[in-house]
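Anchor point for the sequence shown: position 350 equals 365 in this note's numbering, and the numbering is continuous, going up by one each time.
Yeah, the Cβ is synthetic: ideal placement off N, Cα and C, and Gly gets one too.
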Amino acid sequence: SDLPADAPRYAVAGRLLQVNEMGKAKFLFIRGDRGAMLQLYLKADVVEAFALSNQLGLGDFVLAQGPLFRTRKDKRALRIESLRLLSKAVRPLPGKALQDGPKVTDEDWRYRQRYADMIIRPEVAEVFRKRARIVSEMRRFFDERGYVECDTRMLLQTNGGAAARPFRTHHNALDMQLYLRIATELDLKRLVVGGLDRVYEIGRLFRNEGLSRFHNPEFTTIEFYQAYATYEDLMTLTEELLERLCTAVNGTTEIEFQEHKGVKLQRPFRRASMRELVKEARPDAPIDLASGPSDAECADLLAYAKKVLGERAPATYGYCLLALFEEFVEKTLVQPTFVCQYPTETSPLSRRNDKDPRFVDRFELFIVGREFANAFSELNDPDDQRARFQGQLEAKARGDEETMDYDEDYCRALEYGMPPTAGEGMGIDRLVMLLTNQASIRDVIPFPQLRPEKAEEDAGTAGAPGAGGA
16 SDLPADAPRY AVAGRLLQVN EMGKAKFLFI RGDRGAMLQL YLKADVVEAF ALSNQLGLGD
76 FVLAQGPLFR TRKDKRALRI ESLRLLSKAV RPLPGKALQD GPKVTDEDWR YRQRYADMII
136 RPEVAEVFRK RARIVSEMRR FFDERGYVEC DTRMLLQTNG GAAARPFRTH HNALDMQLYL
196 RIATELDLKR LVVGGLDRVY EIGRLFRNEG LSRFHNPEFT TIEFYQAYAT YEDLMTLTEE
256 LLERLCTAVN GTTEIEFQEH KGVKLQRPFR RASMRELVKE ARPDAPIDLA SGPSDAECAD
316 LLAYAKKVLG ERAPATYGYC LLALFEEFVE KTLVQPTFVC QYPTETSPLS RRNDKDPRFV
376 DRFELFIVGR EFANAFSELN DPDDQRARFQ GQLEAKARGD EETMDYDEDY CRALEYGMPP
436 TAGEGMGIDR LVMLLTNQAS IRDVIPFPQL RPEKAEEDAG TAGAPGAGGA
């Protein structure tokens, strides 16, 4: 139908992904911002534009101008009055950009060439948009509560705050070995000593360890510390935070994650001690919940662990309890659960429990069988801290590679006095996986770490699978 001469004109730009030829006319489909497909209609009587359209290839960026109208199928389209090529794609798009491409066995190319992946599958970009929303909502949550955001050192002379193997590097001018940080904990606690009562950092950590669906060597966390709070206060805060983030991204607090349906990120979450949970999963375990662990229970649990875990059974009560928890309980915790009261020897930076010093005031949050957060009332006694660092050095001497360095400056900071404080760390990549239902950490990190490409692909001829026929 003819449009009135004074119909408003629009300009649209985007990547050309499909052309439907109809003799004297053609439809061009371009993808604009946010992944939306725009339909352009071009008739042969617009001579210059029509001639140009014959030279366009899929993947090219074009600018079109003209009025809007409705097609016979009642779809909105733009009738091209002028057309310009903005940018040429000289490499054909992998697979068929608008249909399901060939089923590819090697999924790696998607992560190696994330740009091509996003062109073909705009839903990938949607995950990164949601990730940005989660992080900005998180900032707003802590800013509203009077927390101060800080950036701390990434290059350190000593490495602490977690049990992990670090990346090493060398500073030439100082001729000094430095480590990439494995946690932000010790620097943030130094700031609490200095008078920042509420502090947080959203930042990248580096751990020199294997790759898995849940592990990338660089990953993003938030750590936050609050003076005059206990780990119980942080449980309440964490429930509020997750409920808010989930609602912001999904409009609901009930989600599904892979095979787990009906996961409720809704307050209150369950709270249970590690001993309770092990006893629940293994009723035959020699744990008496009516009282704290007696010496007899400690000896019996070691024997029990040896029986059910065999060679892997550790030699001390605390590590035994943790090993039984990891083996029999962890994967069963589908609904959000705060696992409390960790053994002291497994928690070198946490404050001992007043009632039973063999345990610390600490929790980890588990959802869909995975750990999402780790928090505790902080150890603020410099003598106790020195002794725990010493214990870490002894473990290192016995061959444990995942230990903390002895950080004398941190002990000195504690000697100036740290108020009673509680702190927490939470992995942001895992949280994004949970809230967007992505099975692998590689799907929520734009450029994940991968094994090197095979030699024959380095020749530069092999593109993504199916790159030939666009």
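*Within the segment 280-321, ranges of the alpha helix (DSSP H) (whole runs, at least 4 residues)*: 289-296
*Local Cβ density within 10 Å of A92, reported as buried at 16 or more and exposed below that*: buried
_Length of the line joining the Cα atoms of A437 and A188_ = When rounded, the distance between both Cα atoms is 38 Å.
*Taking the alpha-carbon positions, what's the Y162 to G210 distance?*
12 Å
*Is the distance from the Cβ of E152 to the Cβ of A263 below 7 Å?*
yes
*asked:* For a test of the three-state rule: what should DSSP assign to A92, helix, strand or coil?
replied: Looking at A92 - three-state DSSP - the assignment turns out to be strand.
*asked:* Taking the alpha carbon of Q273 as the reference point, which residue from L449, L171, P298 has its own alpha carbon closest?
replied: Among L449, L171, P298, the Cα nearest to that of Q273 belongs to L449.
_Given 8 Å, three or more beta-carbon pairs between the segment 364-376 and the segment 385-401_ = The segment 364-376 makes contact with the segment 385-401, as at least three CB pairs between them are under 8 Å.
*If you draw a straight line from the C-alpha of E417 to the C-alpha of K411, how long is it?*
8 Å
*Tell me which same chain residues have a C-beta within less than 8 Å of the C-beta of D444, skipping the five on either side of it?*
N231, F234, T235, I456, V459, I460
*Cβ-Cβ separation, V207 to P435 (assumed contact under 8 Å), whole Å*: Contact annotation, P435 with V207: C-beta distance approximately 10 Å; criterion of less than 8 Å not satisfied.
*Which of the three DSSP states, helix, strand or coil, is assigned to D376?*
strand
*For Q241, count neighbouring C-beta atoms within 10 Å of its own C-beta (all shown protein chains included) and say buried if the count is 16 or more, exposed if not.*
buried
*Could one say the Cβ of N395 lies closer than 7 Å to chain B's Cβ atoms, at least one of them?*
The chain inventory of the structure shown lacks chain B, comprising one protein chain alone.
*asked:* Here's a check: name, in chain order, each residue in its chain whose Cβ is nearer than 7 Å to the Cβ of D123, leaving out the five neighbours to either side.
replied: Spatial neighbours of D123 in its own chain (CB-CB distance under 7 Å, excluding positions within 5 residues in sequence) are listed in chain order as L465.
*What residues in its chain sit with their C-beta under 7 Å from that of V354, if we drop five residues either side in the sequence?*
A287, M289, L292, F378, E379, F381
_Suppose the cutoff is 8 Å on Cβ atoms and the five residues either side in sequence are ignored; what does the same chain contact list for E224 look like?_
Excluding residues within five positions, the ones whose Cβ falls inside 8 Å are A179, R180, H230, P232.
*Whole beta strand (DSSP E) elements within the segment 377-423, 3-residue minimum*: Listed in chain order, they are 385-392.
_Taking only three categories from DSSP, how would you classify M433?_
Coil, per DSSP.
*Can you pull the DSSP bridge partners for Q33?*
F44
*Specify whether the segment 324-333 and the segment 273-284 touch according to this definition: at least 3 beta carbon pairs, one from each stretch, less than 8 Å apart.*
no
*Could you pull out every residue in the same chain whose Cβ sits closer than 8 Å to the Cβ of D158, ignoring the five residues on either side in sequence?*
Only E164 meet the Cβ criterion.
*Mark P137 as exposed unless 16 or more other C-beta atoms lie within 10 angstroms of its C-beta, in which case mark it buried.*
exposed
_Once DSSP output is grouped into helix, strand and coil, what is the label at Q172?_
coil
*Report the partner residues of M52 according to the DSSP bridge assignment.*
Per the DSSP secondary-structure output, M52 pairs in a beta bridge with R46.
_E254 and T268 - do their beta-carbons sit closer together than 7 Å?_
no
*Should D422 be labelled buried (16 or more other beta-carbon atoms within 10 Å of its own) or exposed?*
buried
*Reducing DSSP to helix, strand and coil, say where P137 ends up.*
helix
*With DSSP run on the structure shown, which of helix, strand or coil describes K58?*
strand
*Nearest CA to the CA of E430: which residue from V447, A454, Q400?*
Here the closest residue by C-alpha is Q400.
*Under the assumption that F143 contacts S102 (Cβ atoms under 8 Å), give the Cβ distance between them as a whole number of angstroms.*
About 22 Å separates the two Cβ atoms, so there is no contact after all.
_Run through the DSSP bridge pairs and tell me what M441 is partnered with._
I237, A388
_Less than 7 Å between the beta carbons of R49 and G29, yes or no?_
Not a contact, by the Cβ cut-off of 7 Å.
*What do you reckon, are the CB atoms on A64 and L57 nearer than 7 Å?*
yes
*From P358, I270, K370, E468, pick the residue whose C-alpha is nearest to that of S306; which is it?*
K370
*Write down the C-beta distance between V447 and I149 rounded to the nearest angstrom, noting that I regard them as a contact closer than 8 Å.*
6 Å
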